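To convert, take the position in the sequence shown, counting from 1, and add 118; that gives the numbering used here.
These notes are about the structure you will find just below.
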Amino acid sequence: MSIASMMRRLPVLLVLLPCAVAWGQGPAPESEILFREVRVLDTVRGTLGEPTDVLVRGNRIAALGADTPRSESAEVIEGRGRTLMPGLIDAHWHSTFTALSQAAMTAPDAKPESLAATVAAESGRTLMRGFTSVRDVGGPVFELKAAIDAGEVAGPRIWPSGATVSQTSGHGDMRLPHERSRRFFGKPSLAEDMGATFIADGRDEVLTAVRENLRMGASQIKLMAGGGTSSAYDPLDVTQYTLDEMRAAVEAAEDWGTYVTVHAYTVRAVRRAIEAGVKCIEHGQLLDEDTLALMARQGVWLSTQTLRPSTEAMDPLRREKRKPVIEGQARTIAAARRAGVRMAWGTDFLFEPELNVEQNAFILGLRDWFTPAEILRMVTHDNAELLALSGLRSPYQGRLGVVEVGALADLLLVEGDPLENLDLIADPARNFAVIVKDGRVVKGE
């Protein structure tokens, strides 16, 4: 069986993959969980409250405060003064491509059942790390999301982008050396065939690609607006997509009440994206202060990462292309904070599954620029505000990132005070005593 046919089957297998535990959305309306004597982390103000009770009814927080009424059948979790905080959110995640290496996907003996099982298992581990929501910004994900929502696979809530939208020779043009253009030779590349990317040139093709993702359930659109470090054919400095092409993507997304986010590093690419109406910039480590000030004035988000120079699995080309990005990272994040740019955080792990166990630890890299309270706000409340830009295209209606009455019940019971010791969140196996997603206890008491 060819790798193309394997990957075509991968989404179907994800749907069919069984799970021993029911993880679905929306528990029975009358089910209740009472957290007794917990200290609630206020992610907006950065404070920790006195011990109190928190009642979850169905999939929402129903009440806060001592003497909270509960039914006789309520499940009681003794807080004993531990911290209750919102679930973590990763705003730049690739659910399929963080679980699989390129070698695993292209191995001659690769079996679709094995690939699907690997993706599903990593999805469950992501949830066990306390990430109850992720924004998936590129890759075949719709079927995985459906399987999670149906309770067939364990995993976080997913805000899916679907296939990235890229020009020919752009960051999403992941054709293998022997693969020729679909437009001229009629055959989709492997990456297009598996739902990783749309190679779209001209206004009409961009409109079709965006609308196809929206048809499949995209909550936002990911467009490649500049060169990248993990792609072989586009130098980091190049600008991708004309203003008209980019505007076409924005118009199609806005007609559906949602937004476009772009992969871009350079001033030229980001300024063109802002002119086109893009609402979020992924990366941006080569931006100057004037462009960051423009982003702040326009209310454009910066979705940043805490990247490391290299990993053992990184090939030499990628390591070399990353050097200017790594060099610009500290300067750009500091300047963005000074300018008042709205900032989100995500990991952007790609094809290096051994990195996934460090998903929580990468949050600690933000300490170079932010206080623990600011970091905890970013990875909960602020990331949730970015998710909310999807409007009615959001697959889960309700407020996240806070422990408040009416908010969706995605919660972590933490051993200790993360405001005083942020390192606690880097060891979820030890320090996340209870994890609740959508009103269901998925780990703990």
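Think of the CB as a built atom: it goes at the ideal place given N, C-alpha and C, for glycine as much as any other residue.
Predicted, not measured: the structure shown is a model, and the values here were computed from it.
Any idea what DSSP makes of residue i, helix, strand or coil?
i           : result
residue 312 : coil
residue 165 : strand
residue 139 : Residue placement at residue 139 cannot be trusted, given a pLDDT of 36 that sits under 50; the coordinates are not used to answer.
residue 446 : helix
residue 421 : strand
residue 428 : coil
residue 574 : A question about residue 574 goes unanswered here, because the residues of the chain that appear run from 119 up to 563.
residue 382 : strand
residue 396 : coil
residue 456 : helix
residue 185 : coil
residue 227 : coil
residue 508 : helix
residue 340 : strand
residue 437 : helix
residue 259 : coil
residue 302 : helix
residue 480 : helix
residue 212 : coil
residue 515 : coil
residue 542 : helix
residue 328 : helix
residue 376 : coil
residue 500 : helix
Would you decide whether residue i is buried or exposed? Buried here means 16 or more other CB atoms lie within 10 Å of its CB.
i           : result
residue 129 : Because residue 129 sits at a pLDDT of 48, beneath the cut-off of 50, its placement in the model cannot be relied upon, and the following sentence gives the value as read from the coordinates. So residue 129 counts as buried.
residue 153 : buried
residue 346 : buried
residue 267 : buried
residue 441 : exposed
residue 309 : buried
residue 530 : buried
residue 157 : buried
residue 244 : buried
residue 221 : exposed
residue 101 : Since the first and last residues shown for the chain are 119 and 563, residue 101 lies out of range.
residue 283 : buried
residue 552 : buried
residue 191 : exposed
residue 490 : buried
Which partner residues does residue i have in the DSSP bridge list?
i           : result
residue 284 : 317
residue 196 : 154
residue 201 : 157, 532
residue 251 : 207, 275
residue 526 : 178
residue 172 : 153, 182
residue 462 : 421
residue 558 : 555
residue 564 : Residue 564 is absent from the structure shown; the chain starts at 119 and stops at 563.
residue 401 : 382
residue 550 : 532
How many Å lie between residue i and residue j at the Cα?
i           : j           : result
residue 311 : residue 325 : 19 angstroms
residue 576 : residue 449 : The structure shown does not extend to residue 576, since the chain is modelled only from 119 through 563, so no value can be given for it.
residue 240 : residue 532 : 22 angstroms
residue 297 : residue 256 : 21 angstroms
residue 366 : residue 270 : 37 angstroms
residue 504 : residue 419 : 8 angstroms
residue 211 : residue 466 : 5 angstroms
residue 247 : residue 494 : 15 angstroms
residue 329 : residue 370 : 7 angstroms
residue 557 : residue 176 : 6 angstroms
residue 289 : residue 386 : 16 angstroms
residue 496 : residue 479 : 15 angstroms
residue 215 : residue 314 : 9 angstroms
residue 323 : residue 361 : 14 angstroms
residue 397 : residue 413 : 9 angstroms
residue 407 : residue 353 : 23 angstroms
residue 522 : residue 542 : 23 angstroms
residue 540 : residue 205 : 15 angstroms
residue 468 : residue 161 : 29 angstroms
residue 411 : residue 392 : 12 angstroms
residue 259 : residue 180 : 32 angstroms
residue 457 : residue 388 : 16 angstroms
Give a yes or no on whether the minimum CB-CB distance between residue i and chain C is below 9 angstroms.
i           : result
residue 417 : Among the chains in the structure shown there is no chain C, since it carries only a single protein chain.
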